[in-house]
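What follows is a set of notes on a single structure, which appears directly below.
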Amino acid sequence: MILYLCLAFQIKEEFKRITTVYLKRTFLSKLDSHTTKLVEIFRKKGGIAGTKIKPMLDSLSEDVSHETVRDDSSQHIMKIVVIHPSMAQENRDSSDVSVIIEGREVLEGCRSVANACLLLMGVIYALNLSYPLKLKYTFEVFQKLFLELDILKMSSKVQALHKKLLA
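Below you can see the structure in the form of structure tokens.
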């Protein structure tokens with residue numbers, strides 16, 4: 184836990200040095216202000232996008248084994264993994280949230296998905312990593328809407344989402 188706290192502090196400080204933006208405060212405040220509207224927008228989605236999003240929203244409460252998650256993580260460039268304690272692990276009171284990059288767990292004990300997302304953005308900036316192509320719009324939303332970085336250069340998809348959030 185001490186290692187995680189030290190590493191998280193270093194990531195946030197490096198992000199602030201690079202961007203002059205407070206990573207945690209900015210990301211979480213924007214996430215809080217947009218969450219309700221985002222869920223509403225996602226639930227209303229129809230067509231192909233809606234059929235892809237619905238299983239993801241439904242899977243948020245699904246139980247999966249620890250081994251299945253770890254095996255699946257090796258197939259992704261970047262991933263946030265959440266493992267909820269099973270009945271056999273009753274002594275654990277919270278979920279295990281980790282950040283995976285190129286099949287390796289780089290941050291564990293993140294405590295929440297939001298915290299893992301903001302730390303992943305910090306790692307991306309600190310190590311100057313490229314966004315994975317399949318997740319480029321997700322990370323663009325994190326960057327432009329939640330961190331307010333380079334906001335004048337939004338893709339048309341992120342601009343459309345931004346307009347819906349402001350409506």
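Under my numbering, the residues of the sequence shown are numbered 184 to 350, in order. From the three backbone atoms N, C-alpha and C, an ideal C-beta is built for every residue, glycine too.
Taking 8 Å as the cut-off, the beta carbon of residue 281 is found no closer than this to the beta carbon of residue 267.
Nearest Cα to residue 195 within the set 322, 346, 316, 302: 302. Put simply, the region 224-240 does not touch the region 306-316. Fewer than three CB pairs are less than 8 Å apart. The continuous stretches of alpha helix (DSSP H) do not include residue 281, which lies in the beta strand (DSSP E) extending over residues 279-284. Under the DSSP assignment, residue 263 falls outside any alpha helix (DSSP H), being part of the beta strand (DSSP E) whose first and last residues are 261-266. For residue 290 against residue 187, the beta-carbon gap comes to about 7 Å, under 8 Å, which counts as contact. Note on geometry: alpha-carbon atoms of residue 332 and residue 218 lie some 19 Å from one another.
Nearest neighbour of residue 206 by Cα position, chosen from 297, 349, 350, turns out to be 297. Distance between residue 237 and residue 226, taken at the CA atoms: about 7 Å.
Partner residues in a beta bridge of residue 335, as assigned by DSSP, do not exist. The alpha helix (DSSP H) runs lying completely inside the region 194-237 and spanning 4 residues or more are 206-227, given in chain order. Boundaries for residue 310: no beta strand (DSSP E) harbours it, and the DSSP string shows neither H nor E there. Counting C-beta atoms within 10 angstroms of its own C-beta, residue 264 has 16 or more neighbours from the protein chains shown and is therefore classed as buried. In terms of Cβ geometry, residue 305 and residue 192 do not form a close pair [threshold 8 Å]. The distance from the Cβ of residue 220 to that of residue 348 is about 5 Å, consistent with a contact at the 8 Å cut-off. Nearest C-alpha to residue 328 among 222, 209, 307, 283: 209. The continuous alpha helix (DSSP H) containing residue 319 extends over residues 319-324.
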